[in-house]
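Written below as structure tokens is the structure these notes are about.
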Ligand SMILES: [Zn+2]
Ligand SMILES: [Zn+2]
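Residue numbers (our numbering), protein chains in the order written: chain A, 5 to 139; chain B, 5 to 139; chain C, -8 to 376; chain D, -8 to 376.
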């Protein structure tokens, strides 16, 4: 049962809400309250656009418990347009081969069933390809 | 899934098989291959009689996951006739109040269903009261 | 003489931190301690934690917290020794600073218990006992304590009510601690009427499980340039016993405590009578009793009398749990040992306000893992000015 | 000059120990190391372990193993730093012995992986990453390495086959190690045809998960009375980076490794060129490559060439994984760092038989937790006689 944890993270998971540093304008995700760029306090919320590109990726065939039903699935390091990198699954790939540099955008999807057998379904961010010309 | 673990412990769990020190005749349970009495190697198997008495006890109402179905249940430190102490559930108590010093004997009982949802049933030792005059 | 100093302390309130994650709690305590120490540059972070791999599915915790506390790059490791994890983290920090290989170290204790409850929490706690021969029987940590208390009452012919003193003292002291979970004194009658949990243990014999984080900063005296009066570590010791009660020759003797306390007294060159306050590990009242006896503060079988006669109050012969202990402050697992250190430092600095022990010069803090399976003791002392 | 010495080593074969429990494996390695050291009386046991709380539901492990190894009473604590846990335990033992508060310490690494497999093992391993922002996405440790390798191949324009050298060297060396899981050399062709696991990682880019235990005994030179030639610890360092790859400015730079190695070289007064053998952490081939680069053994983007040109063979410029490394010996989690120490000691003693590195004087051993999130490095050196 990790309900409290999901509740704590819901803003990040549903909305890709991070922080912006009031001192140096550095954008921060995941939020960490201290700016990694200038070391000052940075708690101001910032809504990321959800636009980015694939920095690296791979496909997982042997998934952790709770994710088996999704396997195989592709995970990526996505470089957001505003600067930070985020780890996320790619989705809606169809037949399209994934490539480094491919433009992607954030969507909300089902992540997994919670392991407590109570059938809690968790939602969170994934990224899908952006068609050429649509950005 | 803890099948390997149960397999490793089956002799202790089903038969209360410990060790006897060939150097000082100290009886050892759980087995530890080194005699706690004289410090020498002690790997010779020893079958405990399963007879003993309650050294201390209490009742558990809030049980760990996997044991909830058994709650409430009584656990005890049982001092075996051959010397060692063992931690075990008491069973077949009926209306009889448990007391320190009460004679008990080992029986094999179902312990719990394994937590892996595969329905593996684990058996192990518990202790039940010995009727007065039967020892 | 080169001494090991505690130059800063930080703590967040012990309680249910529904809105704060493990890493946030830990990072906050670290920042508070560094601020309190005058913002030195630490080189190492030792994190005491019991159960985050189970409760939060989070291992590699020290690196995560160093990262989150804006200390990326420093040395970091998690130290685990059951309920003694916090004290064990202090021990590691002392070894590190004393070795000369580290000049400034942080010992952090952090625990997030409240993300689990009931049977799931009991299972998590049961990882601290022998999995093959205790947890396998459905044993709980509470039932271990109950069996100890049952035997204690029988062997020493003490009344069930004998243990009231520990709870009354803790709650009285918790009233003066703004960081405590319970800040209200209780009456003897409340104790006697309390709900039974695992006979003979009632709910006032057991400390509540809370979230918490506390941190201290350590350095060597030759490196310390601050103006505040630091506290010195006069002794540091850690000892073990068999993990299981059933493997002990005498279950009512906490030998790990006796060994560890003796080492600490020898190192500090002090006798028990010279200790001005004792932060014992009262996760259960019976642990506090057995610890008082094994440490040498009273004879075997007599600790409950010390508690009943109020010798452990702030104005008593040996003030104990001066900020409420685990019972009233709350039991925060691996954070406990560091809360004790923070509280002892406040006492030795003379900053304990309503709970101030007059003339506090030497404080002993002691953590216990399992039913005396591990014990860690430190003696903290006021610097002569 | 007072030195920290390793006076005894012990190991059990790495592999699947279906019939042996965590505590038995650990106690056995401890006994072997103490025997090898001439049976001194240790005062402390530091246990490196990654996942026993998850895989075996067993915490409080150091106390359990001290108990089982007939060392009841000594100081014991578990040290966790992900895959660097074994090296972190050595680091703690070094700090303890160097401090003067402990005269003789054991560093034990022990891991029981094979009681879990498949998705359950992946979940257990995923506790080592950021639970909130990595594990939550279904990430696995293998896929972290695969993403690093994917980027590496693209950024440095290396061929997929570029990583064959690491696997070929490991298996060749494993053939001379009776304690290795795999004791047979493989061909380049076998590597190229191997099953893909997580593209571009194939099964030869990943070390197999095994059970294992290894231990070393440490003391100070002034206390050592034995006649055998001990090995000295010339440097000991531990550093961290962000826990997650996504928080790094440059993911292909293992900064924890660079920081940690630099500290170690400074302490020992040595340059990379003076190191005679390097036990890197090849849980994944890409980790070995990035570690070689960050440690300063070659330029960035060049490590795969070192491996392909056999510069890392026993007779090469910088022999690596001289007993097979994680790839052939097997990856035993928290035991890995201690296996490395045992192997380096055998090399420095001249006891490495078929795998002996000629003239081995200085060996560097290095453990990595997460994708370079934690790094611990030690330099072990032959004593001048
Ligand atoms: Zn900034
Ligand atoms: Zn014997």
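Backbone N, C-alpha and C define an ideal beta-carbon position, used for all residues, glycine too.
For a quick check, are the C-beta atoms of residue 185 of chain D and residue 194 of chain D less than 8 Å apart? Numbered from 1 along the fourth chain, position 194 holds the residue referred to as residue 185 of chain D. Numbered from 1 along the fourth chain, position 203 holds the residue referred to as residue 194 of chain D. Contact annotation: residue 185 of chain D and residue 194 of chain D have beta-carbon atoms nearer than 8 Å.
Does the Cβ of residue 40 of chain D lie closer than 7 Å to at least one heavy atom of ligand 2? Walking along the fourth chain from the start, residue 40 of chain D turns up at place 49. No, Cβ of residue 40 of chain D sits at least 7 Å from all heavy atoms of ligand 2.
Under 8 Å between the Cβ atoms of residue 375 of chain D and residue 335 of chain D? Position 384 of the fourth chain, counting from 1, holds the residue named residue 375 of chain D. Position 344 of the fourth chain, counting from 1, holds the residue named residue 335 of chain D. It is not a contact, given that the beta carbons lie outside the stated cut-off.
Give me the subset of the segment 229 to 246 of chain D whose CB atoms are less than 9 Å from a CB atom of chain A, sorted by chain position. Near chain A, meaning a CB-to-CB distance below 9 Å, the residues of the segment 229 to 246 of chain D are 233, 235, 236, 237, 238, 239, 240 and 242.
Distance, residue 345 of chain C Cα to residue 351 of chain C Cα: Here residue 351 of chain C refers to the residue found at position 360 when the third chain is read from its first residue. Here residue 345 of chain C refers to the residue found at position 354 when the third chain is read from its first residue. Distance between the alpha carbons of residue 351 of chain C and residue 345 of chain C: 14 Å.
Nearest chain D C-beta to residue 75 of chain B closer than 8 Å, yes or no? Against the second chain, residue 75 of chain B aligns to sequence position 71. No, residue 75 of chain B lies away from the interface with chain D (no Cβ there is under 8 Å from its Cβ).
Could you tell me the distance, in whole angstroms, from the CA atom of residue 73 of chain D to the CA atom of residue 319 of chain C? Locating residue 73 of chain D in the fourth chain gives position 82, counting from the first residue. Locating residue 319 of chain C in the third chain gives position 328, counting from the first residue. Rounded to whole angstroms, residue 73 of chain D to residue 319 of chain C spans 34 Å at the Cα level.
Within the continuous beta strand (DSSP E) that includes residue 129 of chain A, where are the two ends? Within the first chain, the letter at position 125 stands for residue 129 of chain A. Start and end: 125 to 133.
In chain D, what lies closer than 8 Å to residue 17 of chain B by C-beta? Here residue 17 of chain B is taken as the residue at index 13 of the second chain, counted from 1. Near residue 17 of chain B there are no residues of chain D at all, since even the closest Cβ is about 13 Å away, more than 8 Å.
Between the CA atoms of residue 69 of chain B and residue 5 of chain C - distance to the nearest angstrom: Position 14 of the third chain, counting from 1, holds the residue named residue 5 of chain C. Position 65 of the second chain, counting from 1, holds the residue named residue 69 of chain B. If I take the Cα positions, the gap works out to 26 Å.
Drop a sphere of 10 angstroms on the beta-carbon of residue 71 of chain C, count the other beta-carbons inside from all chains shown, and report buried for 16 or more, exposed for fewer. Here residue 71 of chain C refers to the residue found at position 80 when the third chain is read from its first residue. By the 10 Å Cβ count, residue 71 of chain C comes out buried.
Mapping the DSSP letters down to three states, classify residue 202 of chain D as helix, strand or coil. By one-based count along the fourth chain, residue 202 of chain D stands at place 211. It is a strand residue.
For residue 130 of chain B and residue 113 of chain B, which I take to be in contact (beta-carbon distance under 8 Å), what is that distance rounded to the nearest angstrom? Within the second chain, residue 130 of chain B is the residue found at index 126, counting from 1. Within the second chain, residue 113 of chain B is the residue found at index 109, counting from 1. Confirmed, Cβ separation roughly 5 Å.
Short CB-CB distance (under 8 Å) between residue 8 of chain A and chain C: Residue 8 of chain A sits at position 4 when you count from the first residue of the first chain. So, interface residue.
Quick one: Cα of residue 20 of chain D to Cα of residue 1 of chain D, how far? As a first step, residue 20 of chain D is located in the fourth chain; it is residue number 29 there, counting from the start. As a first step, residue 1 of chain D is located in the fourth chain; it is residue number 10 there, counting from the start. About 5 Å.
At the 8 Å Cβ level, is residue 38 of chain B part of the contact set with chain D, yes or no? Numbered from its first residue, the second chain carries residue 38 of chain B at position 34. Judged by the 8 Å Cβ criterion, residue 38 of chain B is in contact with chain D.
If we ignore side chains and look at the alpha-carbon of each, how far apart do residue 32 of chain A and residue 213 of chain C end up? The residue given as residue 32 of chain A occupies position 28 in the first chain. The residue given as residue 213 of chain C occupies position 222 in the third chain. C-alpha separation (whole angstroms): 40 Å.
Following a CB-centred definition, is residue 44 of chain B positioned closer than 7 Å to any heavy atom of ligand 2? Mapped onto the second chain, residue 44 of chain B falls at position 40. Yes - ligand 2 has a heavy atom lying nearer than 7 Å to the Cβ of residue 44 of chain B.
What residues in the segment 253 to 276 of chain C bring their beta carbon closer than 7 Å to a beta carbon of chain D? none
Using a Cβ-based criterion (distance less than 7 Å to any ligand heavy atom), does residue 366 of chain D qualify as near ligand 1? By 1-based counting over the fourth chain, the position of residue 366 of chain D is 375. Incorrect: residue 366 of chain D has no Cβ contact closer than 7 Å to ligand 1.
If contact means a Cβ-Cβ distance below 9 Å, which residues of the segment 106 to 118 of chain C contact chain B? 109, 110, 111, 112, 113, 114, 115, 116 and 117
Taking DSSP as the reference, what is the three-state secondary structure of residue 271 of chain D? Taking the first residue of the fourth chain as 1, we reach residue 271 of chain D at position 280. Correct three-state label for residue 271 of chain D: coil.
When DSSP labels each residue in this structure, what does residue 140 of chain C get in the three-state scheme? The residue labelled residue 140 of chain C in the question sits at position 149 within the third chain. Note: residue 140 of chain C maps to helix in three-state DSSP.
State the DSSP-derived secondary structure class of residue 193 of chain C, mapped to helix, strand or coil. Here the question's residue 193 of chain C lines up with position 202 in the third chain. Strand.
Work out the CA separation of residue 112 of chain D and residue 48 of chain C for me, nearest whole Å. Start at 1 with the first residue of the third chain, and residue 48 of chain C comes out as number 57. Start at 1 with the first residue of the fourth chain, and residue 112 of chain D comes out as number 121. Residue 48 of chain C and residue 112 of chain D: Cα-Cα distance of roughly 13 Å.
Which same chain residues, not among the five before or five after residue 412 of chain D, have their C-beta less than 7 Å away from its C-beta? Because chain D in this structure spans residues -8 to 376, residue 412 of chain D falls outside the shown range and cannot be described.
If we define contact as Cβ-Cβ less than 8 Å, is residue 12 of chain A a contact residue for chain C? The residue labelled residue 12 of chain A in the question sits at position 8 within the first chain. Yes, residue 12 of chain A lies at the interface with chain C (some Cβ there is under 8 Å from its Cβ).
So, for residue 288 of chain D: in the same chain, excluding its five sequence neighbours on each side, which residues have a beta-carbon less than 6 Å away from its beta-carbon? Residue numbering aside, residue 288 of chain D sits at position 297 when the fourth chain is read from its first letter. Exclusion of the five residues before and after residue 288 of chain D leaves 263 and 309 as the residues of its chain whose Cβ lies within less than 6 Å of its Cβ.
Can you give the Cα-Cα distance for residue 121 of chain A and residue 72 of chain A, rounded to whole angstroms? Taking the first chain and counting its residues from 1, one reaches residue 121 of chain A at position 117. Taking the first chain and counting its residues from 1, one reaches residue 72 of chain A at position 68. For residue 121 of chain A, the predicted structure reports a pLDDT of 47, less than 50, and the residue's modelled location is therefore unreliable. The matter cannot be settled from this model.
Could you round the C-beta distance between residue 88 of chain D and residue 209 of chain D to whole angstroms and report it? I think they count as a contact, below 8 Å. In the fourth chain, the residue the question calls residue 88 of chain D occupies position 97. In the fourth chain, the residue the question calls residue 209 of chain D occupies position 218. The Cβ separation is near 5 Å, so the contact holds.
Hey, would you say residue 152 of chain D sits closer than 8 Å to residue 372 of chain D, going by beta carbons? Numbered from its first residue, the fourth chain carries residue 152 of chain D at position 161. Numbered from its first residue, the fourth chain carries residue 372 of chain D at position 381. No, the pair does not count as a contact, with Cβ atoms beyond the cut-off.
Flag this pair as touching only if the segment 5 to 18 of chain D and the segment 8 to 24 of chain B have three or more C-beta atom pairs under 8 Å; answer yes or no. yes
Any beta-carbon of chain A closer than 8 Å to the one on residue 138 of chain D? For the purposes of this step, residue 138 of chain D is taken as the residue at position 147 of the fourth chain. Yes, its Cβ sits closer than 8 Å to a Cβ of chain A.
Three-state secondary structure (DSSP) of residue 2 of chain D: Here residue 2 of chain D refers to the residue found at position 11 when the fourth chain is read from its first residue. In this structure, residue 2 of chain D counts as strand in the three-state DSSP scheme.
Residue ranges of each beta strand (DSSP E) within the segment 22 to 63 of chain C, 3 or longer: 35 to 39
Taking a contact to mean a Cβ-Cβ separation below 8 Å, would you say residue 359 of chain C touches residue 240 of chain C in this structure? Stepping through the third chain from its first residue, residue 359 of chain C is reached at position 368. Stepping through the third chain from its first residue, residue 240 of chain C is reached at position 249. It is not a contact, given that the beta carbons lie outside the stated cut-off.
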